[in-house]
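Asker: Submitted below is the structure of interest, expressed as structure tokens.
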Amino acid sequence: MSELIRVEHLVKIYYLGEVQVPALKGMGLTIQSGEFIAIMGASGSGKSTFMNIIGCLDRPTQGNYFFESANISGLSRDELARIRNKKIGFVFQSFNLLSRTSALENVELPLFYNGSSSQARRQRAMEALTEVGLNGREHHLPSQLSGGQQQRVAIARALVNRPSLILADEPTGNLDTRTSLEIIDIFQKLNQESRITIILVTHESDIATYASRHVVFRDGKVIQDSPSPPRQAAQDLAQMPTIIEETSP
Amino acid sequence: MNFPMTLRIAFKALSRNKMRSGLTMLGIIIGVGAVIAMIAIGSGAKARIQEQIASMGSNLLIILSGSATSGGVRHGSGSIPTLTIEDAKAIASECSAVKYAAPVLRGITQVVFGNQNWSTVTYGTTPEALLIRDWPVTRGRSLTQADVDGAMKVCLLGQTVADNLFGEMDPVGQIVRIKKFPFTVTGVLSTKGQTTWGQDQDDVVYVPLTTGQRLLFGKQFPGMVGSISVQATGPDTLKLAEEQISQLLRQRHRLRANQDNDFFVRNLTEAFSTAEESAKVMSILLGAIASISLLVGGIGIMNIMLVSVTERTREIGIRMAVGARGRDILYQFLIEALVLSLTGGIIGLLLGVGASQLISYSFKWPTLISPQSLLLSFSFAGGVGIFFGFYPARKAAQLDPIEALRYE
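Top line first, the protein sequences correspond to chains A and B. At position 148 of the first sequence the residue is numbered 346 (this note's numbering), and the sequence of numbers has no breaks. At position 105 of the second sequence the residue is numbered 194 (this note's numbering), and the sequence of numbers has no breaks.
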């Protein structure tokens with residue numbers, strides 16, 4: 199396994215007028231390529247700030263961030279946008295799909311910002327939708343899809359540029375137990391079959407049990423970092439009572 | 090980020106709020122339409138004045154006989170013939186700024202053909218007078234120097250006179266009687282239309298100067314003429330010609346330094362240039378007023394784009410998260426503003442052309458739509474779109490992706 203992410207002495211201070219609010223207080227963490235990490239912590243513990251920096255949406259006040267061995271803490275907004283586009287996929291709690299835009303076009307969105315041809319876009323987006331089990335739904339609007347399906351579209355969008363990292367911020371927060379498991383199952387498959395590194399932020403400890411490493415934040419620092427044998431979502435799903443497959447309205 | 094895709098997104102975003110986009114566009118539509126219609130009206134007026142200047146003859150000076158004074162009473166211009174045919178010849182040969190000078194006799198006469206008669210203005214002059222006025226014949230031949238030298242009984246008819254006496258018949262070669270003298274019609278002058286003050290320029294008969302002198306205008310003042318038409322060598326030499334003529338005539342008429350001129354020099358082109366200038370000013374003024382509505386339309390675009398950016402903050406956040414750079418977002422909103430303004434521009438263009446046609450049709454007001462005015466107002470609309478779209482677009486581009494994603 200090679201090193202994917204290394205952060206050193208990471209400090210992030212927010213300035214609210216005169217008041218300085220430190221969100222990260224010199225934390226460090228190394229993540230190997232192919233890991234499935236659950237990040238936990240109370241709100242205000244700094245995990246969101248950490249995720250924003252890891253996701254290249256924000257820049258640290260101090261410290262270094264190495265992504266694939268390159269120091270990217272000093273990059274410009276445009277260079278960060280390029281890394282987000284090529285290397286990182288985001289999955290959010292509230293799905294964050296473009297409404298009134300078909301599933302297919304939502305998935306195509308990242309490709310649209312790296313100059314892919316329209317044929318390549320279409321083909322790659324269809325592949326990604328198939329990968330999350332949504333073929334046949336590509337022309338549905340988000341409002342015509344269930345929560346689980348919407349989150350699958352979001353995962354397909356995260357996948358479409360074949361990133362090395364997927365950042366999932368409470369991806370099951372708005373979903374019921376079974377759908378949550380299905381989503382986690384997709385993440386596990388992507389992690390195990392496609393060797394995509396997954397960082398999952400959650401405050402549900404039972405969701406965290408599907409990850410192979412648990413990192414706990416408190417007050418802007420990592421207070422616990424331990425490996426744990428992951429449960430397999432596929433097995434748990436098989437043991438659940440079968441219900442009628444959800445249908446779109 | 091490719092252009093056709095961005096364009097598609099822009100159209101899609103705008104068609105989501107058809108009512109809003111339509112109303113926003115209305116500002117630009119009215120603006121562009123007004124600019125085009127106003128410029129058309131202004132240029133129409135200008136073109137009409139230019140046409141009249143051209144019909145008067147260019148760089149034209151008219152020298153009129155002076156005022157007679159008897160016992161302190163001045164009798165007004167032309168009350169005493171002071172100008173002579175020799176004056177005209179001297180002006181033509183001695184004033185360097187003068188191209189042509191033609192002595193002109195003028196009188197109202199009755200022209201008779203068969204059982205038809207018509208009273209009209211008759212000019213006795215030299216062929217130069219027609220050159221000065223740039224007035225060719227449509228049928229037959231014009232006056233020649235030989236006609237003048239031989240005092241031939243020939244005449245040229247204006248179109249109005251020809252119509253009234255001959256109707257459909259060809260007057261060339263026919264004999265008309267003017268003051269009982271038979272004149273052969275050698276030609277019919279081309280149509281000049283009305284002057285600015287509504288006088289029919291075609292209601293006229295031209296005869297050779299010498300013939301007019303002998304037969305038509307009496308022998309009270311032999312060798313005298315009522316006026317001399319002069320054409321300067323160019324628009325720049327008009328003033329010079331005026332000075333040279335005054336100087337020459339004062340000298341020829343032996344006027345002492347303390348005596349008033351016994352003639353008047355009238356500069357007709359100058360008067361018309363003033364009219365043309367004011368038409369131009371009117372055109373610019375109308376266009377400027379109309380542009381203000383275009384500007385207001387631009388502010389409407391800015392307003393709506395700002396609302397749109399706020400409404401779509403989350404969308405902007407999503408786009409940024411998946412890799413859109415600031416400039417991608419900037420282009421997207423800028424193109425949206427541009428689509429609004431250019432679509433409005435095209436509709437406004439059609440509306441403006443239609444309005445001008447309607448104005449010229451229903452008010453009989455001449456309008457002139459030049460391609461330049463169309464291009465100008467259309468590109469002005471585009472400029473307004475870019476100018477007023479830039480601030481909202483830049484605001485969108487500078488959003489913080491984290492904040493934007495969290496926006497509810």
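Where a beta carbon is used, it is the ideal one built from N, C-alpha and C, also for glycine. Please read these numbers as outputs of a predicted model, since none were measured by experiment.
Below 9 Å on C-beta distance, what does A:Tyr311 contact in chain B?
Answerer: Result: Met90, Arg408, Val411, Gly412, Ala413, Arg414, Asp417.
Asker: With 16 other CB atoms within 10 Å as the buried threshold, where does A:Val358 fall?
Answerer: The residue in question, A:Val358, is buried, as its Cβ has 16 or more Cβ neighbours within 10 Å.
Asker: Assign B:Asn356 to one of three DSSP states: helix, strand, or coil.
Answerer: In this structure, B:Asn356 counts as strand in the three-state DSSP scheme.
Asker: Does any CB atom of chain A fall closer than 8 Å to the CB of B:Glu400?
Answerer: Chain A contact via Cβ: absent.
Asker: If contacts are defined as beta-carbon pairs under 8 Å, then A:Pro427 and A:Leu398 qualify, I think. What distance do you get, rounded to the angstrom?
Answerer: Not quite, the Cβ-Cβ distance comes to about 16 Å (not below 8 Å), so this is no contact.
Asker: If the cut is a Cβ gap below 8 Å, which residues of chain A does B:Arg97 touch?
Answerer: By Cβ distance, chain A contributes nothing, its closest Cβ being about 10 Å from B:Arg97, past 8 Å.
Asker: Measuring straight from C-alpha to C-alpha, what distance separates B:Ser279 and B:Gly376?
Answerer: Their Cα atoms are separated by approximately 36 Å.
Asker: How far does the beta strand (DSSP E) with A:Lys223 in it reach, from first residue to last?
Answerer: Residues 217–230.
Asker: Closer than 7 Å, Cβ to any Cβ of chain A: which residues of the stretch 463–494 of chain B, in chain order?
Answerer: Answer set for the stretch 463–494 of chain B: Pro490, Ile491, Leu494.
Asker: By a C-beta neighbour count over all protein chains shown, 10 Å radius and 16 as the cutoff for buried, is A:Ile384 buried or exposed?
Answerer: A:Ile384 should be labelled buried.
Asker: Do A:Leu363 and A:Lys285 have their C-beta atoms closer together than 8 Å?
Answerer: Result yes, Cβ atoms of A:Leu363 and A:Lys285 sit closer than 8 Å.
Asker: Taking 8 Å as the CB-CB limit, is B:Glu523 close to chain A?
Answerer: Since the first and last residues shown for chain B are 90 and 497, residue 523 of chain B lies out of range.
Asker: Who are the near neighbours of B:Ile119 in its chain, counting only those whose CB is closer than 6 Å to its CB and skipping five residues on each side?
Answerer: Cβ neighbours of B:Ile119 beyond the five flanking positions: Ser382.
Asker: Just checking my contact of B:Gln205 with B:Leu254 at CB under 8 Å: how many whole Å lie between their CB atoms?
Answerer: At roughly 5 Å, the Cβ-Cβ gap stays under 8 Å, so B:Gln205 and B:Leu254 are in contact.
Asker: Does the separation of the CB atoms of B:Leu194 and B:Tyr212 fall below 8 Å?
Answerer: Yes, Cβ-Cβ distance for B:Leu194 and B:Tyr212 is below 8 Å.
Asker: Go through its chain and collect everything with a Cβ distance to B:Met313's Cβ below 7 Å, but skip five positions before and after it.
Answerer: Same-chain partners within the cutoff: Pro170, Leu172, Thr173.
Asker: Give the straight-line distance between the Cα atoms of B:Phe361 and B:Met391, rounded to the nearest whole angstrom.
Answerer: Going by the C-alpha atoms only, they are around 45 Å apart.
Asker: Quick check: what's the CA-CA separation for B:Val296 versus B:Gly256?
Answerer: Computed Cα separation, rounded: 21 Å.
Asker: Show which residues of chain A have a CB atom less than 9 Å away from the CB atom of B:Arg105.
Answerer: What B:Arg105 touches in chain A: Arg298.
Asker: On a CA-only basis, which of A:Ile229, A:Arg411, A:Arg298, A:Pro439 is nearest A:Met238? Give me that one, please.
Answerer: If we check each option's Cα against that of A:Met238, A:Arg411 comes out closest.
Asker: Counting only beta-carbon separations shorter than 8 Å, does A:Leu307 have a partner in chain B?
Answerer: With 8 Å as the cut-off, A:Leu307 counts as an interface residue toward chain B.
Asker: Would you call A:Leu379 buried or exposed, if buried means 16 or more other Cβ atoms sit within 10 Å of its Cβ?
Answerer: Flag for A:Leu379 reads buried.
Asker: Among the candidates A:Pro308, A:Glu402, A:Thr407, whose CA atom is the shortest distance from the CA of B:Gly412?
Answerer: Ranking A:Pro308, A:Glu402, A:Thr407 by Cα distance to B:Gly412 puts A:Pro308 first.
Asker: Can you have a look at A:Tyr213 and say buried or exposed, based on whether 16 or more other CB atoms are within 10 angstroms of its CB?
Answerer: It is exposed - the Cβ of A:Tyr213 has fewer than 16 other Cβ atoms within 10 Å.
Asker: In whole angstroms, what separates the C-alpha of B:Leu344 from that of B:Thr358?
Answerer: Distance between the alpha carbons of B:Leu344 and B:Thr358 is about 28 Å.
Asker: Could you tell me whether any Cβ in chain A is nearer than 8 Å to the Cβ of B:Met94?
Answerer: Yes, contact with chain A.
Asker: Under the three-state reduction of DSSP, which class applies to B:Gln320: helix, strand or coil?
Answerer: Three-state result, B:Gln320: strand.
Asker: With a 10 Å radius around its C-beta and 16 neighbouring C-beta atoms as the bar for buried, classify A:Arg319 as buried or exposed.
Answerer: A:Arg319 comes out buried.
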